[in-house]
Amino acid sequence: MLVLGIESSCDETGLALYDTQHGLRAHALHSQVRMHEEYGGVVPELASRDHIRRAIPLLEKVLTDSSIARGDIDAIAYTQGPGLAGALLVGASVACGLGLALDKPVLGVHHLEGHLLSPLLASDPPEFPFVALLVSGGHTQLMRVDGVGQYELLGETLDDAAGEAFDKSAKLLGLGYPGGPAISRMAEFGDPAAYKLPRPMLHSGNLDFSFSGLKTAVLTLVKNHPANICEQDKANIARAFVDALVDVLTAKCVNALKQTGLKKLVIAGGVGANRQLRESLNAAAVKRKFRVYYPELEFCTDNGAMIAFAGAMRLQINPNAAKKDYAFNVKPRWPLDSIREI
Ligand code: ATP
Ligand code: MG
Ligand code: FE
16 MLVLGIESSC DETGLALYDT QHGLRAHALH SQVRMHEEYG GVVPELASRD
66 HIRRAIPLLE KVLTDSSIAR GDIDAIAYTQ GPGLAGALLV GASVACGLGL
116 ALDKPVLGVH HLEGHLLSPL LASDPPEFPF VALLVSGGHT QLMRVDGVGQ
166 YELLGETLDD AAGEAFDKSA KLLGLGYPGG PAISRMAEFG DPAAYKLPRP
216 MLHSGNLDFS FSGLKTAVLT LVKNHPANIC EQDKANIARA FVDALVDVLT
266 AKCVNALKQT GLKKLVIAGG VGANRQLRES LNAAAVKRKF RVYYPELEFC
316 TDNGAMIAFA GAMRLQINPN AAKKDYAFNV KPRWPLDSIR EI
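As structure tokens, then:
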């Protein structure tokens with residue numbers, strides 16, 4: 016079965032073809048990061064318009080790259096939510112328009128399910144059940160995953176997501192948008208002993224997180240410096256921020272494994288690309304004797320491959336999940352644990 020995946024929930028347009036027999040056949044991505052950079056964040060209206068411009072050329076690209084004719088596509092999966100309403104509508108209308116034209120069924124996919132299953136696209140993928148840490152721009156959740164559609168929320172952030180904390184702290188340090196990768200690179204040059212930031216909710220006794228205080232702590236450090244804060248100071252603050260955030264994420268993952276008795280940890284979402292987080296989790300895995308799995312770096316942030324894959328997984332379980340019903344509705348807000356049924 017050949018599934019076309021379309022992602023357009025935020026500021027990346029991603030298209031991909033996933034074949035249940037031969038794996039990922041092609042994927043193509045356009046990131047709008049450059050376009051939104053000058054505004055310091057995603058401008059929804061610009062995002063929607065750009066998805067309209069990019070979707071069809073990216074479709075042509077994946078078809079050409081894989082030498083697949085559009086008539087050979089068996090089903091079309093698109094991100095139905097959560098995300099920006101206007102951006103989601105573009106992917107949904109392209110999917111439904113194509114479905115109608117090609118007489119193929121369409122399927123709305125949950126964006127976070129896409130992230131969550133993305134590590135299964137890697138070689139040597141984990142088997143169910145596992146604990147998953149979803150760390151993206153909008154979400155930070157620990158989940159017990161027993162299968163496709165079987166997600167039990169173990170804990171989540173009470174305020175900012177980890178990616179959001181990265182981006183906001185980077186902005187305070189003048190590192191541009193999105194600042195996750197930049198603050199991570201800068202932290203490499205920081206002195207770990209220069210500042211110590213609090214580890215929010217480290218000993219809360221549950222698996223919830225809170226990162227907004229960390230951002231405020233960064234703001235306080237920045238304010239304590241004269242107007243022309245030097246590069247070394249910035250690096251020291253970046254280091255303190257990354258160390259605190261990574262410590263909390265690692266400790267909560269270890270606790271989630273203890274609580275569930277599972278030995279497999281799966282990381283998903285953009286912050287899963289973070290070097291320091293990977294180092295810390297790898298060290299914990301050796302010490303505590305569990306295995307940790309990551310998505311390929313290119314599939315940590317938003318992409319079409321994870322949507323094609325999630326759609327294909329759902330269709331393998333229930334071939335009727337895709338329908339020739341082209342009246343689409345998007346779900347800008349959509350809790351993941353509400354999609355248990357397949
Ligand atoms: P959601 O999936 O929750 O709707 P999103 O799609 O915007 O949010 P992703 O695309 O999964 O989120 O991830 C983007 C986030 O990942 C941004 O906040 C970005 O700064 C962060 N990020 C990406 N690479 C790194 C890195 N190397 N280190 C730290 N953060 C990173
Ligand atoms: Mg993005
Ligand atoms: Fe995402």
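Residue numbers (the working numbering): 16 to 357.
Idealized CB from N, CA, C, for every residue including glycine.
Three-state secondary structure assigned by DSSP to residue i
i: residue 352; result: helix
i: residue 55; result: coil
i: residue 40; result: strand
i: residue 104; result: helix
i: residue 222; result: coil
i: residue 331; result: helix
i: residue 321; result: helix
i: residue 114; result: helix
i: residue 262; result: helix
i: residue 165; result: strand
i: residue 305; result: coil
i: residue 216; result: coil
i: residue 267; result: helix
Among the options, the one whose alpha carbon lies nearest that of residue i
i: residue 211; options: 190, 191, 235 and 219; result: 235
i: residue 89; options: 155, 20 and 142; result: 20
i: residue 60; options: 263, 25 and 241; result: 25
i: residue 50; options: 276, 66 and 129; result: 66
i: residue 190; options: 244, 232, 157 and 281; result: 244
i: residue 87; options: 34, 333 and 341; result: 34
i: residue 333; options: 120, 70 and 112; result: 120
i: residue 264; options: 233, 216, 353 and 313; result: 216
i: residue 156; options: 164, 162, 146 and 163; result: 146
i: residue 327; options: 92, 171, 269 and 239; result: 92
i: residue 275; options: 116, 75, 158 and 135; result: 158
i: residue 341; options: 75, 27, 117 and 16; result: 117
i: residue 323; options: 259, 74 and 46; result: 74
CB of residue i within 8 angstroms of CB of residue j, strictly
i: residue 41; j: residue 18; result: no
i: residue 413; j: residue 345; result: Because the chain in this structure spans residues 16 to 357, residue 413 falls outside the shown range and cannot be described.
i: residue 295; j: residue 230; result: no
i: residue 224; j: residue 267; result: yes
i: residue 143; j: residue 160; result: yes
i: residue 169; j: residue 149; result: no
i: residue 31; j: residue 62; result: no
i: residue 29; j: residue 317; result: yes
i: residue 114; j: residue 339; result: yes
i: residue 350; j: residue 98; result: no
i: residue 354; j: residue 164; result: yes
Between the CA atoms of residue j and residue i - distance to the nearest angstrom
i: residue 57; j: residue 330; result: 32 angstroms
i: residue 197; j: residue 181; result: 9 angstroms
i: residue 241; j: residue 133; result: 44 angstroms
i: residue 7; j: residue 194; result: Lying outside 16 to 357, the shown extent of the chain, residue 7 is not represented and no answer is given.
i: residue 207; j: residue 104; result: 45 angstroms
i: residue 54; j: residue 286; result: 22 angstroms
i: residue 95; j: residue 107; result: 7 angstroms
i: residue 293; j: residue 167; result: 24 angstroms
i: residue 221; j: residue 321; result: 30 angstroms
i: residue 72; j: residue 43; result: 10 angstroms
i: residue 219; j: residue 68; result: 47 angstroms
i: residue 254; j: residue 284; result: 21 angstroms
i: residue 335; j: residue 192; result: 41 angstroms
i: residue 175; j: residue 152; result: 9 angstroms
i: residue 308; j: residue 140; result: 7 angstroms
i: residue 22; j: residue 319; result: 5 angstroms
i: residue 343; j: residue 111; result: 7 angstroms
i: residue 325; j: residue 128; result: 7 angstroms
i: residue 232; j: residue 214; result: 11 angstroms
i: residue 70; j: residue 109; result: 8 angstroms
i: residue 126; j: residue 252; result: 33 angstroms
Cutoff 6 angstroms; reference residue i; Cβ partners in own chain excluding five residues on either side
i: residue 291; result: 257 and 261
i: residue 402; result: The structure shown has nothing for residue 402, since the chain only spans 16 to 357.
i: residue 311; result: 137
i: residue 154; result: 176
i: residue 246; result: none
Same chain only: Cβ atoms within 7 angstroms of residue i, ignoring 5 sequence neighbours per side
i: residue 305; result: 272, 278, 279 and 280
Neighbourhood of residue i by C-beta distance below 8 angstroms, restricted to the same chain and skipping five residues each side
i: residue 84; result: 78
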